[in-house]
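Residue numbers (the working numbering), protein chains in the order written: chain E, 1 to 169; chain G, 170 to 244. Each remark here refers to the structure printed beneath this line.
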Amino acid sequence: MEPKKLAIIATKGTLDWAYPPFILSSTAAALGYEVQIFFTFYGLNLLKRDLSGLKVSPLGNPGMPMKMPFGPKWFRDINWNIPNAVQAVVPGFESLATGLMKQTIAQKGVASIPDLRQLCLDAEVKFIGCQMTVDLFGFEHGEFIDNIEYGGAATFFEFAGESDICLYM
Amino acid sequence: MNFDKELDARGLNCPLPILRTKKALAEMQSGQVLKVMATDPGSVKDMQAFAKQTGNELLSSAEASGEYQFFMKKK
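Have a look at this one:
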């Protein structure tokens, strides 16, 4: 029997949005799916050799709970309501939030993005980088991990057209 | 219950328990039984779904004081 196919377009380049494509791809691969991810625009950041630049921003992100990963339970349960205007003018606020987020991720037993990406590669999830974005943002192939194929919209449809599930994220 | 291999997935969150289960099963023979320990409450539903989609048989699923124990027989 032909394996089921999952096609994903990954367009976001932040730490939080790095999770959905890698979690779903690695899991689908474990379930026997053939998986391909097309990384375009900011999504290309997820293919960088060095992933330490991925950040999460609470600024203009009202859905994000702002909780501390340390201290007694009553303290960790507080949802810090910091106004956008304050977040915007405090230097390093984004780096601080990213640091706290990474601490929370490790504490809750959630895999890191480098680990999840490696699990996808181990499971033979195929990564396609959008060549147009590489040109547009002035990237070089050397900045990205090996084993990526570069292509355009037609390359995506070649696989997506035969997929059972197709997701844009 | 008798088992051939044990997997400790305690402290790991979605999707790691499933990915580790898949990896452990890949190293086993057909008919052998894998015991999985986990603390992720989501793993209860996920292990059922994994078994259903991969054809491996979930022999039992139990919870005791915040820990989950699964026995899965390889297809």
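For each residue, glycine too, the CB sits at the ideal point set by N, CA and C.
Task: Endpoints, the beta strand (DSSP E) within which Ala111(E) is located - done: Counted from its first residue, the first sequence places residue 111(E) at position 111. Looking at the DSSP string, Ala111(E) is not in any beta strand (DSSP E), and its letter there is neither H nor E.
Task: Exposed unless 16 or more other CB atoms sit within 10 angstroms - verdict on Gly133(G) - done: Residue coverage of chain G in this structure runs from 170 to 244, which leaves residue 133(G) outside it and unanswerable.
Open item on the list: Do Thr40(E) and Thr11(E) count as a contact pair if the criterion is CB distance below 8 Å?
Closed with: Residue numbering aside, residue 11(E) sits at position 11 when the first sequence is read from its first letter. Residue numbering aside, residue 40(E) sits at position 40 when the first sequence is read from its first letter. Yes. Within cutoff.
- [ ] Using a Cβ cut-off of 8 Å (strictly closer), state whether Ser26(E) contacts chain G.
- [x] The residue given as residue 26(E) occupies position 26 in the first sequence. Cβ-Cβ to chain G under 8 Å: yes for Ser26(E).
TODO: Pair every Cβ in the region 46-60 of chain E with every Cβ in the region 12-31 of chain E, then say whether three or more of these pairs are closer than 8 Å.
DONE: yes
Task: Cross-chain neighbours of Ala111(E) in chain C, by beta carbon under 7 Å - done: You won't find chain C in this structure, because its protein chains are E and G.
TODO: Measure the alpha-carbon distance for Thr190(G) versus Gln118(E) and round it to whole angstroms.
DONE: Your numbering for residue 190(G) matches position 21 in the second sequence. Your numbering for residue 118(E) matches position 118 in the first sequence. Roughly 17 Å separates the two Cα atoms.
TODO: Please list the partners that Gly235(G) has in chain E, where partner means a Cβ-to-Cβ separation under 9 Å.
DONE: By 1-based counting over the second sequence, the position of residue 235(G) is 66. Near Gly235(G) there are no residues of chain E at all, since even the closest Cβ is about 13 Å away, more than 9 Å.
Task: Collapsed DSSP secondary structure at Ile105(E) in the structure displayed - done: As a working mapping, residue 105(E) is identified with position 105 in the first sequence. Three-state result, Ile105(E): helix.
Open item on the list: With three or more C-beta pairs closer than 8 Å as the rule, is the region 147-154 of chain E touching the region 125-138 of chain E?
Closed with: yes
Open item on the list: Quick check: the Cα distance between Ala123(E) and Leu227(G), rounded to an integer number of angstroms?
Closed with: Sequence index remark: in the first sequence, residue 123(E) carries index 123 (1-based). Sequence index remark: in the second sequence, residue 227(G) carries index 58 (1-based). Computed Cα separation, rounded: 23 Å.
- [ ] Run down chain G in chain order and give the residues with a C-beta less than 8 Å from the C-beta of Ile165(E).
- [x] As a position in the first sequence, residue 165(E) is number 165, starting the count at 1. The premise fails here: Ile165(E) is roughly 13 Å from chain G at the closest Cβ pair, so nothing lies under 8 Å.
Task: Cut-off 7 Å between Cβ atoms - residues of its own chain near Ala28(E), not counting five sequence neighbours on either side - done: Walking along the first sequence from the start, residue 28(E) turns up at place 28. Leu6 and Val35, listed in sequence order.
- [ ] Could you spell out the range, first to last residue, of the alpha helix (DSSP H) harbouring Glu158(E)?
- [x] Here residue 158(E) refers to the residue found at position 158 when the first sequence is read from its first residue. Ala153 to Ala160 is the span of the alpha helix (DSSP H), which, as asked, contains Glu158(E).
Task: Min CB distance Lys172(E) to chain G below 8 Å - done: What is shown of chain E runs 1 to 169, which leaves residue 172(E) out entirely.
Task: Which listed residue (Cys166(E), Pro114(E), Thr104(E) and Leu121(E)) has its alpha carbon closest to that of Gly71(E) - done: Here the question's residue 71(E) lines up with position 71 in the first sequence. Checked all of Cys166(E), Pro114(E), Thr104(E) and Leu121(E); the closest Cα to Gly71(E) is Thr104(E).
- [ ] Note down, in chain order, each residue of its chain lying with its Cβ closer than 7 Å to the Cβ of Leu185(G), except the 5 sequence neighbours on either side.
- [x] What you label residue 185(G) is simply residue 16 of the second sequence in a count that begins at 1. Ala178, listed in sequence order.
Open item on the list: Taking only three categories from DSSP, how would you classify Gln131(E)?
Closed with: If you number the first sequence from 1, residue 131(E) lands on position 131. In this structure, Gln131(E) counts as helix in the three-state DSSP scheme.
TODO: Could you round the C-beta distance between Pro58(E) and Met66(E) to whole angstroms and report it? I think they count as a contact, below 8 Å.
DONE: Taking the first residue of the first sequence as position 1, residue 58(E) is located at position 58. Taking the first residue of the first sequence as position 1, residue 66(E) is located at position 66. Between Met66(E) and Pro58(E) the Cβ distance is about 6 Å, and since that is below 8 Å, they are a contact.
- [ ] Identify whether Ser95(E) lies in helix, strand or coil by the three-state DSSP scheme.
- [x] The sequence position of residue 95(E) within the first sequence is 95, counting from 1. DSSP places Ser95(E) in helix when its eight states are reduced to three.
- [ ] Would you please state the rounded distance, in angstroms, between the beta carbons of Phe239(G) and Phe172(G)? I believe it to be under 8 Å.
- [x] As a first step, residue 239(G) is located in the second sequence; it is residue number 70 there, counting from the start. As a first step, residue 172(G) is located in the second sequence; it is residue number 3 there, counting from the start. In fact, because the Cβ distance is near 10 Å, the residues do not count as touching under 8 Å.
TODO: Under 6 Å Cβ to Cβ from Met170(G), same chain only, skipping five residues before and after it: list those, please.
DONE: Walking along the second sequence from the start, residue 170(G) turns up at place 1. Cβ within range, chain order: Phe240.
TODO: Under 8 Å between beta-carbons, which chain E residues line up against Gln222(G)? List them in chain order, please.
DONE: If you number the second sequence from 1, residue 222(G) lands on position 53. Result: Leu31 and Gly32.
Open item on the list: Would Tyr33(E) and Pro3(E) qualify as a contact pair, given that the criterion is a beta-carbon distance under 8 Å?
Closed with: As a working note, residue 33(E) is residue 33 in the first sequence. As a working note, residue 3(E) is residue 3 in the first sequence. For Tyr33(E) and Pro3(E), yes; Cβs fall inside 8 Å.
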